[in-house]
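See structure below.
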């Protein structure tokens, strides 16, 4: 199970516990795999709330195995042993919990996700109570005298009250964690579980296909093998497609207004060939007569390939190309403009 799934179940378990649904929370926590010491601690606390002491003990065992320095786990297991009247084991766990405090007055577990502070004087208080249950009053009194030096808050006057009870060989109450105190996942980690959509939902705003609602990425569209693109603003362009495309081999300087100026490499459309060596030629939306047989290597040579890609057609539909033929040379290369017509044969 991945970290994301574990965090999700962890958060769901805490939500159920906050509602007081201990059994549901326990079911969620026990369904996780690769359980950490914190989650095992939560499982132990829930078993303890449900009165399942043996299961609680085993869960705290697992928590300690995962983290042998988790003082609060020793403390909770000591309470579990105390409730099963296994006072010797309870004393041993309370001693270990105090040892893990390493001389500190308390451990604040808030940064680790547990809203609880484990005070050294509380650990010693419960240890003394376990001694009192065994009627070893001298040991109980010594432990409580030691606890007096670890008091930090006015509420810790329970140590003085317990000391007075021990001197009279009377028992006192066991201190426990507040109900429902469990390790919680970090809020920022939980927030990252929510999917963040920065782009929003794509919407088709323009398409050359009727009723097109596809908004994903489509593969390369197949090419068509006939030249059909015409400028939307020029009817004469459509007329040029009815003729044959030729490339100019030599520069031609017009001698009158009826002739067109063309340069070597220009593409012209021959609309009609006369028997008198003249041809009706269209270039730049203008029609004129040109000699096509001045000499052997005169004006033009016939174009062989002329196709267009769908992308060019789409651009033309948006009026982005209004005066230029879209020519495809070969099966995989699309060129825009007259200079693309280079594959010719005489």
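In the UniProt record's numbering, the protein residues as written are 1 to 346. A virtual CB, placed ideally from N, CA and C, is assigned to each residue, including glycine.
Distance between residue j and residue i (C-alpha atoms, nearest Å)
i	j	result
residue 92	residue 78	8 Å
residue 363	residue 16	Only positions 1 to 346 of the chain appear in this structure, which leaves residue 363 out of reach.
residue 247	residue 265	6 Å
residue 400	residue 100	A question about residue 400 goes unanswered here, because the residues of the chain that appear run from 1 up to 346.
residue 72	residue 120	11 Å
residue 83	residue 177	14 Å
residue 104	residue 43	27 Å
residue 38	residue 70	9 Å
residue 36	residue 167	43 Å
residue 245	residue 279	12 Å
residue 47	residue 98	24 Å
residue 138	residue 170	13 Å
residue 59	residue 155	31 Å
residue 22	residue 49	8 Å
residue 102	residue 151	16 Å
residue 81	residue 18	26 Å
residue 68	residue 20	29 Å
residue 89	residue 153	29 Å
residue 128	residue 53	21 Å
residue 14	residue 61	21 Å
residue 147	residue 136	17 Å
residue 94	residue 143	11 Å
residue 157	residue 29	37 Å
residue 164	residue 5	52 Å
residue 270	residue 286	12 Å
residue 111	residue 172	32 Å
residue 51	residue 192	36 Å
Identity of the residues DSSP links to residue i by a beta bridge
i	result
residue 119	106
residue 62	In the DSSP output, where bridge partners are listed per residue, residue 62 has none listed.
residue 358	Outside the displayed span of the chain (1 to 346) sits residue 358, for which this structure offers no information.
residue 252	262
residue 273	279
Pick from the options that is closest to residue i, judged by C-alpha positions
i	options	result
residue 141	69, 159 and 152	159
residue 161	182, 125 and 283	125
residue 12	117, 184 and 253	184
residue 405	269, 9 and 172	The structure shown does not extend to residue 405, since the chain is modelled only from 1 through 346, so no value can be given for it.
residue 130	149, 164 and 174	174
residue 56	26, 192 and 287	26
residue 113	146, 187, 171 and 127	187
residue 255	136, 3 and 288	288
residue 41	109, 143, 171 and 20	109
residue 3	115, 53, 24 and 34	34
residue 123	61, 107, 285 and 18	107
residue 117	285, 281, 286 and 182	182
residue 132	149, 85 and 115	85
Same chain only: Cβ atoms within 7 Å of residue i, ignoring 5 sequence neighbours per side
i	result
residue 350	Missing from the structure shown is residue 350; the chain here goes from 1 to 346 and no further.
residue 283	260, 262, 266 and 268
residue 190	7 and 11
residue 66	36, 37 and 40
residue 115	181
Contact set for residue i: own chain, Cβ-Cβ below 8 Å, skip 5 residues either direction
i	result
residue 64	37, 70, 73, 74 and 77
residue 251	262, 263 and 264
residue 145	163
Close Cβ partners of residue i (< 6 Å) along its chain, the five nearest in sequence each way excluded
i	result
residue 134	87
residue 272	280
residue 96	74
residue 24	16
Continuous alpha helix (DSSP H) assignments of at least 4 residues falling wholly in the stretch 13 to 63: The stretch 13 to 63 contains, as complete alpha helix (DSSP H) runs of 4+ residues, the segments 22 to 30 and 37 to 49 (chain order).
Segments of 4+ residues assigned as alpha helix (DSSP H) that fall wholly inside the stretch 146 to 183: 158 to 167, all fully within the stretch 146 to 183.
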